Amino acid sequence: MSLLTYKYYDTPEGQDIFKKTFVTTKYAILASLPVATFDVLLYSHPKGIFQTVMRYGFYLGPAISMATAFTLTTNIAQNVRGKNDEFNYFLGGAAAGAVFASLRRQPVIAVPAAIVLGACGIVKKIGIDNDFTFFPKLHSGKESINSVRRDWTFVKDIDELKNWEKGN
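In terms of our numbering, the sequence shown is residues 869 to 1036.
Structure, rendered in structure tokens:
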């Protein structure tokens, strides 16, 4: 299976750790890249390529590190403990919180970030176990809001009423 088409839950917890790390890193990049671009273009206005790269790194670095810490901690805890439960996700979230606090150089927020992100991990694991969809897929319709204006029929065709026969 290709790395680009692999989904996180295609294999059980504790297996294909590299692929799962790649997936979470990809999501972290996709989530933090617009924020970094917004900051560079509309807020900080860095001068030069080096400062621009540093601003992108300011956002991309922690996001990638947190995603990697969560994935590795969760899957290694699964392999070491041998249990697939919410505590593994709490440990992953706590590791991500600790990485966040260390990369921001603010040790005061280490424990609260670990607790909050660990609780988010527990909620995610409970949702996965109970088949809860956090972000459902949006299905686009074939018609638009203006399709009513192009519908010139008085009534819709009903198959039961189509019982006429062809004439000679």
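By construction, the Cβ of each residue, glycine as well, lies at the ideal position given by its N, Cα and C atoms. Remember, predicted model here, so these are calculated numbers, not experimental data.
T941 places its beta carbon 8 Å or farther from that of T893. Under the three-state reduction of DSSP, T936 is assigned to helix. Within its own chain, the residues whose Cβ lies closer than 8 Å to the Cβ of E881, once the five positions on either side in sequence are excluded, are T942, N943, Q946, N952, N956, listed in chain order.
Straight through space, the alpha carbons of K1010 and P930 are spaced by roughly 41 Å.
Less than 8 Å separates the beta-carbon of L928 from that of L901. Scanning R923, F918, A899 for the CA closest to the CA of L910 turns up R923.
The beta carbon of V908 lies closer than 8 Å to those of P914, T920, R923, Y924 in the same chain, with the five residues before and after it left out. Of the other Cβ atoms in all chains shown, fewer than 16 fall within 10 Å of the Cβ of G950; this residue is therefore exposed. Of the candidates F958, A899, L898, D1027, the residue whose Cα lies closest to the Cα of K992 is F958. Annotated as distal: V984 and G960, with beta-carbon spacing of 8 Å or more.
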